Amino acid sequence: MYSKSALGSYENCQPVVQSCADIRSLSKITMELMQGYCKENGRVGVDDLVRWPADSRAVDFLSVTADTSDLALLSNHPLLKLPWNPRFVANVIRNFAAESAGQKRNPSERLGVSVQPSDVRLNPGKNDPYRWKFIPGEEETLKPIFAKNLSDHSTGIYQLLCYGVGKRFEAVPAENATPPFQSATTLLPTGTSFTDTIENLSEENGKLCKEVDDLKRRLEVEENTRWKMEEENRQMQVSQAELQFQLQQLLGFVENLRVNVSNYCRGMDQVVPLLEELKRCGIENIGHK
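Take the sequence shown: its letters are residues 1 to 289, numbered as in UniProt numbering.
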């Protein structure tokens, strides 16, 4: 028998490599376990482990709690010492660029603007060297959050900010920004930001779409030209067949005419000698008289 569960929104979490993500996961599940997800005897069952990816530190935490009924031991777990406060969130945000996809990079290669954790603000001032930029589609959700100070938000908003940095929003250099702070920690990547990358990809996609449209038009023109040529060729073949038929008819007529002329000539060859013989006989009869 279980008491009321509040873990539904976290059942489909994805494997995460970064340690800060595991700590966030542990914090979420710990708070919910403390609020009523434990079994009636106070224990957390091994069956709860299936809710989390195998490479997450949350699994290790739940493994520890599987044989533990003391909630105080849960709350004292070393991975649960999370200061969900503005300074902690600021540290997570400014450390984002130093660790990407589980691969640490040289800060001098990765970062372009450096600030102290205490100088990380959701609503930067005019002298701050950075501004926040949201990915398309996140403006409506994030703008109200960034309109306030870090200290004005709840723990849930801190968790959202820690999860969303680098994914839903990022810091970009401010125009006419003052020089970077001294004794600083890193904040911004020197490479192209993901929003700029999206814009570049959108522009490139537009060019590719235009090229595809041009190719479609060219293909359509070529198809029409080919169809016209095929139609003209078919008509020429029909005309050639008709001319061939007429030629055969003319050849037959000429052949008949040749035969008739030949027969006429042979008849004349037979009649002319008879006429000459009759003419000669007539002259002889006249002489005897």
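For glycine and all other residues, C-beta sits at the position ideal for the given N, C-alpha and C.
The model shown is predicted, which means the values in this text are computed figures rather than measured ones.
Residue from the options whose Cα sits closest to the Cα of residue i
i    : options                   : result
S148 : V238, L250, Y163 and P124 : This sequence places Lys at residue 148; Ser is not what is there. Closest option to K148, Cα to Cα, is P124.
I198 : E140, K133, E242 and L243 : K133
P173 : M236, Y130, E222 and V261 : Y130
Limits of the beta strand (DSSP E) - the one that residue i falls within
i    : result
P173 : F169 to P173
K126 : Element bounds for K126: n/a, residue is neither H nor E.
R121 : Element bounds for R121: n/a, residue is neither H nor E.
Cβ of residue i within 8 Å of any chain C Cβ
i    : result
V212 : Of the chains in the structure shown, none is chain C; there is only one protein chain.
Boundaries (first-last residue) of the alpha helix (DSSP H) holding residue i
i    : result
K143 : E139 to F146
G156 : T155 to G164
Backbone CA spacing between residue i and residue j [nearest angstrom]
i    : j    : result
E230 : C209 : 31 Å
K126 : R218 : 52 Å
V272 : Q246 : 39 Å
R258 : L251 : 10 Å
K216 : E255 : 58 Å
Q270 : G282 : 19 Å
E140 : K207 : 29 Å
N253 : N285 : According to the sequence provided, residue 253 is Phe. The question's Asn does not apply to it. Approximately 48 Å, taken between the alpha carbons.
R226 : Q235 : 14 Å
D196 : E203 : 10 Å
N200 : V238 : 56 Å
N260 : Q244 : 24 Å
E276 : S262 : 22 Å
A241 : K228 : 20 Å
E232 : N205 : 40 Å
P136 : E211 : 25 Å
Close Cβ partners of residue i (< 8 Å) along its chain, the five nearest in sequence each way excluded
i           : result
residue 346 : There is simply no residue 346 to check, as the chain begins at 1 and stops at 289 in what is shown.
I145        : L122, H153, I157, L160 and L161
K143        : F134
Sequence-distant residues of its chain with Cβ nearer than 6 Å to residue i (five each side left out)
i    : result
E138 : R168
E220 : none
D213 : none
L274 : none
Contacting residues, own chain, Cβ-Cβ under 7 Å from residue i (five flanking each side not counted)
i    : result
C264 : This sequence places Tyr at residue 264; Cys is not what is there. Hits under 7 Å: none found.
Q249 : none
R280 : none
G267 : none
D67  : Note that D67 has pLDDT 45, beneath the 50 cutoff, so the model's placement of it is unreliable and the number below is only indicative. If we look at D67 and ignore the five residues flanking it on each side, it has no Cβ neighbours.
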